[in-house]
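Colleague:
2 protein chains.
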Amino acid sequence: MGLCGWEGWVSMPDVKHFDADAVLEAVVRIFWRQGVTGTGIQDVVDVTGLSRSSLYATFGGKRRLYLAALERYTEQRSAPSLERLAEDERGLPGVTDFFLSLVDARCSGEHARWGCMISNAHVGAENADADIRAVLERQNDKLRKAMYASLAVARSKGQLNPGVDLEASAEFLALLAHGVNLRSRCGADASELRQGVTAAVAAITAPHGGAGCLRGT
Amino acid sequence: MGLCGWEGWVSMPDVKHFDADAVLEAVVRIFWRQGVTGTGIQDVVDVTGLSRSSLYATFGGKRRLYLAALERYTEQRSAPSLERLAEDERGLPGVTDFFLSLVDARCSGEHARWGCMISNAHVGAENADADIRAVLERQNDKLRKAMYASLAVARSKGQLNPGVDLEASAEFLALLAHGVNLRSRCGADASELRQGVTAAVAAITAPHGGAGCLRGT
DNA sequence: GCTATCTTGAACCGATCGTTCCGAGATTTG
DNA sequence: CAAATCTCGGAACGATCGGTTCAAGATAGC
Numbered sequence: 001m002g003l004c005g006w007e008g009w010v011s012m013p014d015v016k017h018f019d020a021d022a023v024l025e026a027v028v029r030i031f032w033r034q035g036v037t038g039t040g041i042q043d044v045v046d047v048t049g050l051s052r053s054s055l056y057a058t059f060g061g062k063r064r065l066y067l068a069a070l071e072r073y074t075e076q077r078s079a080p081s082l083e084r085l086a087e088d089e090r091g092l093p094g095v096t097d098f099f100l101s102l103v104d105a106r107c108s109g110e111h112a113r114w115g116c117m118i119s120n121a122h123v124g125a126e127n128a129d130a131d132i133r134a135v136l137e138r139q140n141d142k143l144r145k146a147m148y149a150s151l152a153v154a155r156s157k158g159q160l161n162p163g164v165d166l167e168a169s170a171e172f173l174a175l176l177a178h179g180v181n182l183r184s185r186c187g188a189d190a191s192e193l194r195q196g197v198t199a200a201v202a203a204i205t206a207p208h209g210g211a212g213c214l215r216g217t
Numbered sequence: 001m002g003l004c005g006w007e008g009w010v011s012m013p014d015v016k017h018f019d020a021d022a023v024l025e026a027v028v029r030i031f032w033r034q035g036v037t038g039t040g041i042q043d044v045v046d047v048t049g050l051s052r053s054s055l056y057a058t059f060g061g062k063r064r065l066y067l068a069a070l071e072r073y074t075e076q077r078s079a080p081s082l083e084r085l086a087e088d089e090r091g092l093p094g095v096t097d098f099f100l101s102l103v104d105a106r107c108s109g110e111h112a113r114w115g116c117m118i119s120n121a122h123v124g125a126e127n128a129d130a131d132i133r134a135v136l137e138r139q140n141d142k143l144r145k146a147m148y149a150s151l152a153v154a155r156s157k158g159q160l161n162p163g164v165d166l167e168a169s170a171e172f173l174a175l176l177a178h179g180v181n182l183r184s185r186c187g188a189d190a191s192e193l194r195q196g197v198t199a200a201v202a203a204i205t206a207p208h209g210g211a212g213c214l215r216g217t
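One line per chain: the protein sequences are V and Y, in this order. So the first sequence is numbered by the working numbering: it starts at 1 and just counts up by one. So the second sequence is numbered by the working numbering: it starts at 1 and just counts up by one.
Below, the structure written as structure tokens:
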């Protein structure tokens, strides 16, 4: 913005007096918890500690601010676990781990009952914005593709029930993740959620050593 | 309110000039679409056609108004399909029908892309209210119990995979329904959602005549 | 120190928030 | 018709909304 290199010389009389990254993280947290309509600029001012003018000079406005926070969330919070899932070489155990750690993250620790910022954005008025909706759609694609990758590994390892459709099951597991995120906002028991996701993974598991196929007892 | 029968006589000079039920239905629709934080009293005035004073005299305030709308939604929109599911005697076909008609209702027709008012309320700031949260929890219980009932029928008919846990699977299908509701708000394809829910039901289906269990070809 | 640039807090803008109040008009009873 | 009572439209309440402006303070290079 200031150092656009006009013709050789440029002055830099002052620098930002705050850590823009730390500020954005605080913004993520409040939008994550309260949503965009539930959060006022004053709230953002309060949690970041900087002034309205600095906020607007740096980010531009509520819409741009939320968009920046949403992108940061996807990169820092969502993408890592999705990549871990997509690159997991274990198959179904990777899927199970994904869901169990999801339940943990949603029900305990610092962000308990906050849900997922992506899932939350599906419901709020923010989904009317095309740019925001594009982020949500892109992230949902990532989730589904990560699920598909792990399911494909599971198939190659013979962990999957023969009748399981990879594409459709990836979709259904993605929907399940959204359901977990949503229910966690209302204080759902972690054990209940664990039961649910465990049952879902068990349902697509091949009837080898696990449950199922026991006939006499 | 007016006819509390003091001492034999009571006056009734005027009656309400509007259909309270029709008004509440309009309130349901706007809260359903926009949520509680996204809807102003002015919006309610606009869609109902009556004035602020009548609104407050009849319902009491925004909180009470939303609560009344939420209860009406559960009775008129949610409960019927849940009861149909719970009393369905077909087993898994009943579950499939529930999900397919859910997808239809969420993706087409008058209320397309509105999601479910119950699911939506999980995300909004309204879930901080104890009374509202009680409604959400009660309704989620109904959903899970209805699923359980249909799964129990399915088991008795031998439609279920032997390893399927009724309780846990009811939970997982309830989560799936929330996922469908949530994704529909972002414009998810009906065909995608149908694929997902179909795969979920297929996963718990016994390997009889359907998919699965085909060994040679 | 001087100057240029950026940061920042405070004030202000029009609009909207949820809520309250009152007068005018409608309606039922005697 | 007259009296009593309720309804309801509209104005107005104070507070907060998102957004802008501006002068004073801080910081850099000269």
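Just so it is clear, CB atoms sit at the ideal spot from N, CA and C, and this is done for glycine as well. On a predicted model such as this, the values are computed, not experimentally measured, just so you know.
For the alpha helix (DSSP H) containing A154 of chain Y, list its first residue and its last residue.
Modeller: Your numbering for residue 154 of chain Y matches position 154 in the second sequence. A154 of chain Y -> alpha helix (DSSP H) spans 130-156.
Colleague: Which first and last residues belong to the alpha helix (DSSP H) in which Q76 of chain V is found?
Modeller: The sequence position of residue 76 of chain V within the first sequence is 76, counting from 1. No alpha helix (DSSP H) holds Q76 of chain V; DSSP gives it neither H nor E.
Colleague: Over what stretch of residues does the alpha helix (DSSP H) that includes R114 of chain V continue unbroken?
Modeller: Counted from its first residue, the first sequence places residue 114 of chain V at position 114. The sequence as given places Trp at residue 114 of chain V; Arg does not occur at that position. For W114 of chain V, no alpha helix (DSSP H) encloses it, and the DSSP letter there is neither H nor E.
Colleague: Can you pull the DSSP bridge partners for T205 of chain Y?
Modeller: For the purposes of this step, residue 205 of chain Y is identified with residue 205 of the second sequence, where counting begins at 1. Partner(s): Y:L160.
Colleague: Can you list, in chain order, the residues of its chain whose CB lies under 6 Å from that of A200 of chain V, leaving out five sequence neighbours each side?
Modeller: For the purposes of this step, residue 200 of chain V is taken as residue 200 along the first sequence, with counting starting at 1. For A200 of chain V, where only same-chain residues beyond five positions count, the Cβ hits under 6 Å are L176.
Colleague: What span of residues does the alpha helix (DSSP H) with D43 of chain Y cover, start to end?
Modeller: Looking up residue 43 of chain Y in the second sequence gives position 43. Counting along the chain, the alpha helix (DSSP H) containing D43 of chain Y begins and ends at 41-48.
Colleague: In this structure, does DSSP put K62 of chain Y in helix, strand or coil?
Modeller: The residue labelled residue 62 of chain Y in the question sits at position 62 within the second sequence. If DSSP states are grouped into helix, strand and coil, K62 of chain Y belongs with the helices.
Colleague: Closer than 8 Å is the cut-off here; do at least three beta carbon pairs connect the region 64-72 of chain V with the region 25-37 of chain V?
Modeller: yes
Colleague: What residue from Y:N181, Y:G38, Y:V164, Y:R138 has the CA that sits closest to A112 of chain Y's CA?
Modeller: Residue mapping note: residue 112 of chain Y aligns to position 112 of the second sequence, counting from 1. Per the Cα distances, Y:N181.
Colleague: Is C186 of chain Y helix, strand or coil by DSSP?
Modeller: Here residue 186 of chain Y refers to the residue found at position 186 of the second sequence. In this structure, C186 of chain Y counts as coil in the three-state DSSP scheme.
Colleague: Specify whether the region 119-133 of chain Y and the region 87-96 of chain Y touch according to this definition: at least 3 beta carbon pairs, one from each stretch, less than 8 Å apart.
Modeller: no
Colleague: So, is the C-beta of E126 of chain V closer than 7 Å to a C-beta in chain Y?
Modeller: The residue you call residue 126 of chain V lines up with position 126 of the first sequence. Output row for E126 of chain V: interface = no.
Colleague: With DSSP run on the structure shown, which of helix, strand or coil describes S51 of chain V?
Modeller: Here residue 51 of chain V corresponds to residue number 51 of the first sequence, with the count starting at 1. Reduced to three states, the DSSP call for S51 of chain V is coil.
Colleague: Using only CA atoms, which one of Y:W114, Y:P162, Y:L173, Y:K142 lies nearest to R183 of chain Y?
Modeller: Sequence index remark: in the second sequence, residue 183 of chain Y carries index 183 (1-based). Checked all of Y:W114, Y:P162, Y:L173, Y:K142; the closest Cα to R183 of chain Y is Y:W114.
Colleague: Take W9 of chain V and list the residues in its own chain whose beta-carbon comes closer than 7 Å to its own, dropping the five residues that flank it on each side.
Modeller: On the first sequence, position 9 is the one that residue 9 of chain V refers to. Note that W9 of chain V scores 41 on pLDDT, short of 50, meaning its location in the model is unreliable; the coordinates nonetheless yield the value given after this. Once the five neighbours on either side are set aside, W9 of chain V has no close Cβ partner at all.
Colleague: Could you tell me whether any Cβ in chain Y is nearer than 7 Å to the Cβ of E75 of chain V?
Modeller: One-based indexing of the first sequence puts residue 75 of chain V at position 75. False, the Cβ-Cβ gap to chain Y never drops below 7 Å.
Colleague: Identify the contact partners of H111 of chain V in chain Y, using a Cβ-Cβ distance below 8 Å as the criterion.
Modeller: Counted from its first residue, the first sequence places residue 111 of chain V at position 111. Going along chain Y, no residue has its Cβ under 8 Å from H111 of chain V, so there is no contact; the nearest lies around 15 Å.
Colleague: For chain V, find out if any of its Cβ atoms is closer than 7 Å to the Cβ of E7 of chain Y; answer yes or no.
Modeller: Position 7 of the second sequence, counted from the start, is the residue given in the question as residue 7 of chain Y. Interpretation of E7 of chain Y is limited by its pLDDT of 40, a score under 50 that renders its predicted location unreliable; no figure is taken from the coordinates.
Colleague: I30 of chain V and T39 of chain V - do their beta-carbons sit closer together than 7 Å?
Modeller: Indexing the first sequence from 1 puts residue 39 of chain V at position 39. Indexing the first sequence from 1 puts residue 30 of chain V at position 30. The beta carbons of T39 of chain V and I30 of chain V sit closer together than 7 Å.
Colleague: Buried or exposed, going by whether 16 or more other CB atoms sit within 10 Å of the CB of I41 of chain Y?
Modeller: The residue you call residue 41 of chain Y lines up with position 41 of the second sequence. Per the 10 Å Cβ criterion, exposed.
Colleague: Where does G158 of chain Y land, buried or exposed, given buried means 16+ other C-beta within 10 angstroms?
Modeller: One-based indexing of the second sequence puts residue 158 of chain Y at position 158. By the 16-neighbour rule on beta-carbons within 10 angstroms, G158 of chain Y is exposed.
Colleague: Mind reading off the beta-carbon distance from I118 of chain V to S78 of chain V? Whole number of angstroms is fine, and I expect it under 8 Å.
Modeller: Mapped onto the first sequence, residue 118 of chain V falls at position 118. Mapped onto the first sequence, residue 78 of chain V falls at position 78. Rounded, the Cβ-Cβ distance is 6 Å, consistent with contact.
Colleague: In chain V, what lies closer than 7 Å to L175 of chain Y by C-beta?
Modeller: As a first step, residue 175 of chain Y must be located in the second sequence, where it is residue number 175. Residues of chain V passing the Cβ test: L176, G179, V180, R183, G196.
Colleague: Note down, in chain order, each residue of its chain lying with its Cβ closer than 7 Å to the Cβ of I204 of chain V, except the 5 sequence neighbours on either side.
Modeller: Position 204 of the first sequence, counting from 1, holds the residue named residue 204 of chain V. If we look at I204 of chain V and ignore the five residues flanking it on each side, its Cβ neighbours are L160, N161, V164, S169.
Colleague: Quick one: which chain Y residues come within Cβ less than 8 Å of L136 of chain V?
Modeller: Within the first sequence, the letter at position 136 stands for residue 136 of chain V. By Cβ distance, chain Y contributes C186.
Colleague: Pop quiz: V103 of chain V and V197 of chain V are said to be a contact at Cβ under 8 Å. What is the actual Cβ separation, rounded to whole angstroms?
Modeller: Walking along the first sequence from the start, residue 103 of chain V turns up at place 103. Walking along the first sequence from the start, residue 197 of chain V turns up at place 197. Correct: roughly 7 Å between the Cβ atoms.
Colleague: What are the boundary residues of the alpha helix (DSSP H) that P93 of chain Y is part of?
Modeller: Within the second sequence, the letter at position 93 stands for residue 93 of chain Y. Here the alpha helix (DSSP H) through P93 of chain Y covers 92-107.
Colleague: Count the other CB atoms, across all protein chains shown, that sit within 10 Å of the CB of K16 of chain Y; report buried if there are 16 or more and exposed otherwise.
Modeller: As a first step, residue 16 of chain Y is located in the second sequence; it is residue number 16 there, counting from the start. Looking at its Cβ environment, which holds fewer than 16 other Cβ atoms inside 10 Å, K16 of chain Y is exposed.
Colleague: Rounding to the nearest angstrom, what Cα-Cα distance links R144 of chain V and N140 of chain Y in this structure?
Modeller: The sequence position of residue 144 of chain V within the first sequence is 144, counting from 1. The sequence position of residue 140 of chain Y within the second sequence is 140, counting from 1. Distance between the alpha carbons of R144 of chain V and N140 of chain Y: 26 Å.
Colleague: With a threshold of 7 Å between beta carbons, is S101 of chain V in contact with chain Y?
Modeller: Looking up residue 101 of chain V in the first sequence gives position 101. False, the Cβ-Cβ gap to chain Y never drops below 7 Å.
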